[in-house]
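> 119 is the number of the first residue of the sequence shown in the numbering used here; add one for each residue after it.
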Amino acid sequence: MPIRAPRYAAVLLAAAAAAVTAATVATASTGHASHVATTKSCQPHIKGIARKASAAQIVRTMRASIPDACGFTVSGELMGADFGIDGMALIGRTVFDGRGQTHVVYVTQGTVLDFYRVGGADYVRLYEYGAPTAAPDQNLRALWSEFGVSSRVVNKAGSTKWVRLTPAQQRAFNRSDMLGMLATPSSLAAGLADGTGASWKLSGTKVVDGIKCAAITDPAKNEQHFAETIYVSYKTGLPVTVRCAFQHGRTLTTGFGHWSSTSAVTRPAKIVAG
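Okay, structure coming up:
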């Protein structure tokens, strides 16, 4: 599977050229954000892995189990064909609460997206990594403009407040693909299943964080310069850890946890109307 370039990256590159600035923003992946129906209660429907399951069967089980797990957290760095060349470095924990509500925080190429989806409303905060209180620069303003957020609102929100998007702004935000594979549990599951775009292979059994896991690995493919291994719990069919081993020796890790036990995501405190 080829690495995809997000549509909104072109806007930032154009803005950067006009401003003669070296900073550009790019985001990984191609999944489109979509609203998830909020439910008052969620019953997990997960399926364990048979001892003699093939790699393909394990991947299918994992992909089906993640959306039905009623909430979970993700931390670390997400790599793979659907997360772009630079991947997505999560800040703290990204949370899917099993009630259709989400909190995603990631940084890529110097820009941080801090996003909440609560009760059908979207709240967006953008700021420069390492300068969370600095006034929005031209790159950030180009992003806000693409979402249809006015300069007046951007000035009011600065880099420290969340903008509650109007319905039209939500549609524009979804088209921009900023959430990518982090849009929903289903899209994240699909991104993990795609891996590097190569074929998954069984690579043994390992106990990770006290959990007996099946290890599945796919090698580097195309422009991906790493092999990816996912450790999937035999008991639940859910991922525990993902490790990406680069050719130069560096290893990146993604952790999953709090399955079916996340707290409800609530909206941020500092909000400006879009």
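Idealized CB from N, CA, C, for every residue including glycine.
1. From Val-390 to Ala-345, what distance separates their C-alpha atoms?
2. Can you tell me where the alpha helix (DSSP H) with Met-180 in it begins and where it stops?
3. Anyone know if the C-beta pair for Phe-190 and Gly-375 falls short of 8 Å?
4. Rounded to whole angstroms, what is the Cα-Cα separation between Ile-348 and Asn-273?
5. Excluding the five sequence neighbours on either side, which residues of its own chain have a C-beta within less than 6 Å of the C-beta of Gly-328, listed in chain order?
6. In this structure, what does DSSP give as the bridge partners for Val-213?
7. Does the segment 170-189 come into contact with the segment 294-301, if we say contact requires no fewer than three beta-carbon pairs (one atom in each stretch) closer than 8 Å?
8. Per DSSP, Arg-235 is paired with what?
9. Let me know if Thr-369 comes out buried or exposed under the rule of 16 or more other beta-carbons within 10 Å of its beta-carbon.
10. Check whether the segment 259-266 and the segment 277-287 touch, using three or more Cβ-Cβ pairs below 8 Å as the test.
11. Starting from the C-beta of Asp-312, find all residues in its chain whose C-beta is less than 8 Å away, skip the five residues before and the five after it, and write them out in chain order.
12. With a cut-off of 8 Å on the beta carbons, I'd call Pro-357 and Phe-214 a contact; round off their distance for me.
Once the coordinates are examined:
1. Each residue's alpha carbon lies about 43 Å from the other.
2. That run of the alpha helix (DSSP H) goes 173-183.
3. Against a cut-off of 8 Å, the Cβ pair of Gly-375 and Phe-190 comes out as a contact.
4. Straight-line Cα distance between these residues: approximately 43 Å.
5. Cβ-Cβ distances below 6 Å link Gly-328 to nothing in the same chain once the five nearest sequence neighbours on each side are left out.
6. The partner list for Val-213 (beta bridge, DSSP) reads Thr-191 and His-221.
7. Of all C-beta pairs linking the segment 170-189 to the segment 294-301, fewer than three are shorter than 8 Å, placing the two stretches out of contact.
8. Secondary-structure assignment with DSSP links Arg-235 through a beta bridge to Thr-220 and Asp-240.
9. Taking all protein chains in view, the Cβ of Thr-369 is surrounded by fewer than 16 other Cβ atoms within 10 Å, so the residue is classified as exposed.
10. With the cut-off at 8 Å, the segment 259-266 and the segment 277-287 touch.
11. Excluding sequence neighbours, Asp-312 sits near Met-119, Gly-198, Ala-199 and Asp-200.
12. With 8 Å as the limit, Pro-357 and Phe-214 do not qualify as a contact, their Cβ atoms being about 13 Å apart.
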